Amino acid sequence: MAKKNITALPFDFEQLFGEDTTVTASGVIGAVVDLKSYGFNEGTVVVDVTASDDTDANETYVVTVEVSTDQAFTTPVAIAARTLTAGTLGSQLIPVNNQGEEMYRYIRLNSTLGGTTPSLTVNAYLSESIIR
Numbered sequence: 080m081a082k083k084n085i086t087a088l089p090f091d092f093e094q095l096f097g098e099d100t101t102v103t104a105s106g107v108i109g110a111v112v113d114l115k116s117y118g119f120n121e122g123t124v125v126v127d128v129t130a131s132d133d134t135d136a137n138e139t140y141v142v143t144v145e146v147s148t149d150q151a152f153t154t155p156v157a158i159a160a161r162t163l164t165a166g167t168l169g170s171q172l173i174p175v176n177n178q179g180e181e182m183y184r185y186i187r188l189n190s191t192l193g194g195t196t197p198s199l200t201v202n203a204y205l206s207e208s209i210i211r
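Here this note's numbering is used: the first residue of the sequence shown is 80, the next is one more, and so on.
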């Protein structure tokens, strides 16, 4: 993985959502991460924005962290979200917690994009280190 700005937190290739992943419409960003049967308690999702279109000045970007008990995300549960500023590059750190009534095995990133020509490129992973 060509880590550009994402050196602040430990990186584990098995917890990579995507590298140089571009989305131009709302939907899943990259891959689903399998937390195995042990799951995780707390951590930080690192979203390194390497490109973000703001050409028309009306583009909007929201990244939501979702967990599920099944890989198909039949019933996804949103555990965190971050609104990204169009045109702003760099790392966004999103604290996450999997300590509800149920330990979820799968985690993914979902995007909600708006505006005329939204385009977002990111490197993203889950770190088990905690940012407070």
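No residue lacks a Cβ here, since even glycine has one placed at the ideal position from N, Cα and C. Here the structure is a predicted model, which is why all the values come from computation and not from measurement.
- prompt: Taking the alpha-carbon positions, what's the L163 to V141 distance?
  reply: 6 Å
query: Given K115, which residues of its chain have a CB within under 8 Å of its CB, disregarding the five upstream and five downstream residues?
result: For K115, the CB contacts under 8 Å within the same chain, skipping 5 residues up- and downstream, are R184 in chain order.
field: Cβ-Cβ separation, A165 to E121 (assumed contact under 8 Å), whole Å
entry: 30 Å between Cβ atoms; not a contact.
message: Taking only three categories from DSSP, how would you classify F92?
response: helix
query: So, is D91 buried or exposed, given that buried needs 16 or more other C-beta atoms within 10 angstroms?
result: exposed
task: Buried or exposed for E180, please, with buried defined as at least 16 other CB atoms from any protein chain shown within 10 angstroms of its CB.
output: exposed
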